[in-house]
Amino acid sequence: MKIDILSLSLSELTEKIIEIGEPKFRAKQIFDWLCKGAWDEEMKNIPKALRLKLNEYFFYPLPTIERKLVSKIDGTQKYLFKLYDGELIESVFMRYQHGNTLCISSQVGCRMGCKFCASTLLGRTRDLYPSEMLGQIIAAEKDTGERISNVVMMGIGEPLDNYDNTIKFLKLVSSDDGLNIGLRHISVSTCGLVDKIERLSSENLPVTLSISLHAYDNSVRDEIMPVNKKYPIEILLGACQKYFEKTSRRISFEYTLIAGKNDTVEGACRLAAIIKKYIKSPCHVNLIPLNEVKETKLETSKNVTNFKNKLLSLGINATVRRRLGADINASCGQLRKGAKEVNQ
Ligand code: SAH
Numbered sequence: 077m078k079i080d081i082l083s084l085s086l087s088e089l090t091e092k093i094i095e096i097g098e099p100k101f102r103a104k105q106i107f108d109w110l111c112k113g114a115w116d117e118e119m120k121n122i123p124k125a126l127r128l129k130l131n132e133y134f135f136y137p138l139p140t141i142e143r144k145l146v147s148k149i150d151g152t153q154k155y156l157f158k159l160y161d162g163e164l165i166e167s168v169f170m171r172y173q174h175g176n177t178l179c180i181s182s183q184v185g186c187r188m189g190c191k192f193c194a195s196t197l198l199g200r201t202r203d204l205y206p207s208e209m210l211g212q213i214i215a216a217e218k219d220t221g222e223r224i225s226n227v228v229m230m231g232i233g234e235p236l237d238n239y240d241n242t243i244k245f246l247k248l249v250s251s252d253d254g255l256n257i258g259l260r261h262i263s264v265s266t267c268g269l270v271d272k273i274e275r276l277s278s279e280n281l282p283v284t285l286s287i288s289l290h291a292y293d294n295s296v297r298d299e300i301m302p303v304n305k306k307y308p309i310e311i312l313l314g315a316c317q318k319y320f321e322k323t324s325r326r327i328s329f330e331y332t333l334i335a336g337k338n339d340t341v342e343g344a345c346r347l348a349a350i351i352k353k354y355i356k357s358p359c360h361v362n363l364i365p366l367n368e369v370k371e372t373k374l375e376t377s378k379n380v381t382n383f384k385n386k387l388l389s390l391g392i393n394a395t396v397r398r399r400l401g402a403d404i405n406a407s408c409g410q411l412r413k414g415a416k417e418v419n420q
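Numbering (my numbering), first residue to last: 77 to 420.
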């Protein structure tokens, strides 16, 4: 079986290059090309004989652009990427003052079943390899010609449900031989897999942990996020506090406002109360007006400003997420689903 070359660290690649009888210095040359999205003839200083040998032992699973939508409003670019086996995933490229951010996928589909989310409607097909997470960044840098300095794992999939590959990806992407994106510039977003949050806190990887909370009590959270039945809100918030104590990294909460479900001013009071009860560290609530997904029949809230102001008045740091790419449906899961329906 051929080896996935982009899932290897430089030292792992060096070992393999020596194993196939090539000089060590070739490994670094090849590795540099891989990080630029180059393979085969594009690897200018690699002789043809070695390129043939590489193709014999390895494969390079760089995602290819199946479709690209560019927002006329703010230049946000949404990619529908095709993987080596034909599966489709999405990434979103956003320009901010502090640098370019790529929102990447971690799985083909998702099995978490959140009621408002388009990515989970078709379930999970498979996990992404570390190379395929890295490959989204490399392919987007190659296409835009711009460096990506921030990564958010908020695309399709639940990163902590693909734990080992996510950890390997975080090590690869932050390695100074490779893309060298600092872990402090990477957010891992989770619906709340508490056992994995505990494991992550011991990995010594200073990423920002982002928790998709979306509710102020168990009855609301049970209704919209099945994961809450396994890990109720108090257990989740307790794990967040422990994560902070161990890593000193500020926690960020995502809260999608859905009309009539979780968006009343009284809800904001209850959210502030439960956060204060369990979280004794700096935290931030990121409010996201629901992106409507036609299959779910859930509607976006009209109470976003009131909700935010209530949180602020109660001393909770809250902002409303700026909506980038509003004209290209930039929230994840919708493009892939649309493409699958057309193909059926
Ligand atoms: N599985 C991870 C990461 C992917 S989802 C997680 O749950 O955090 C990224 C973020 O988008 C999550 O906060 C998710 O709850 C939110 N989200 C999903 N569908 C949405 C929608 N239709 N409108 C607004 N936010 C949504």
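Ideal Cβ placement from N, Cα and C applies to all residues, glycine included.
The secondary-structure analysis by DSSP pairs Ala215 with nothing; it has no beta-bridge partner. One thing to note: Glu371 has its Cβ no nearer than 8 Å to the Cβ of Leu210.
Taking a C-beta distance under 8 Å as the contact criterion, Ser251 and Ser85 qualify as a contact pair.
A Cβ-Cβ distance of about 6 Å is found for the pair Cys267 and Cys190, placing them in contact under the 8 Å criterion. Cβ contact annotation for Asn121 (same chain, cutoff 7 Å, sequence separation greater than five): Gln105, in chain order.
Judged by DSSP in its simplified three-state form, Asn362 adopts strand.
Here DSSP, grouped into helix, strand and coil, assigns Met209 to helix.
In this structure, the beta-carbon distance from Ile327 to Cys359 falls below 8 Å. With respect to Phe192, Ile300 sits close: the two C-beta atoms are nearer than 8 Å. By the criterion of a C-beta distance shorter than 7 Å, Lys158 is surrounded in its chain by Pro139, Thr140, Glu142 and Leu164, once the five residues flanking it on both sides are discounted. In the three-state DSSP reduction, Ile141 falls in the strand class (E or B). Unbroken alpha helix (DSSP H) runs of no fewer than 4 residues, entirely contained in the region 224 to 253, are found at 239 to 250, following chain order. Looking at the DSSP output, Leu156 shares a beta bridge with Arg143 and Glu166. A straight-line Cα-Cα distance of about 42 Å links Gln153 and Gly97. Taking the Cβ of Asn367 as the reference point, at least one heavy atom of the ligand SAH falls within a distance shorter than 7 Å.
One alpha carbon belongs to Gln183, the other to His261, and they sit about 21 Å apart.
Straight-line measurement puts the Cα of Asn367 at about 20 Å from the Cα of Asp298. In the structure shown, Val296 adopts helical secondary structure according to DSSP, grouped into three states.
Following the DSSP letters along the chain, one finds Asp271 inside the alpha helix (DSSP H) bounded by residues Val270 to Ser277.
By the CB criterion at 8 Å, Leu269 and Glu330 fall outside the cutoff. Bounds of any alpha helix (DSSP H) do not take in Gly221, whose DSSP letter is neither H nor E. Sixteen is the threshold: since fewer than 16 other Cβ atoms of the shown chains lie within 10 Å of the Cβ of Asp403, the residue is exposed. Inclusion of Lys272 and Tyr319 in the CB contact set at 8 Å is not warranted, their separation being larger than that value.
Taking 8 Å as the upper bound for CB-CB distance, Glu166 and Arg412 are in contact here, some 6 Å apart. In terms of Cα proximity to Gly258, the closest of Leu333, Leu236 and Thr177 is Thr177.
Short of 7 Å from the beta carbon of Glu279, and not among the five residues preceding or following it, lie these beta carbons of its own chain, in chain order: Ile243. Among the bridge pairs identified by DSSP, Leu259 is matched with none.
Per DSSP, reduced to three states, the secondary structure at Thr90 is helical.
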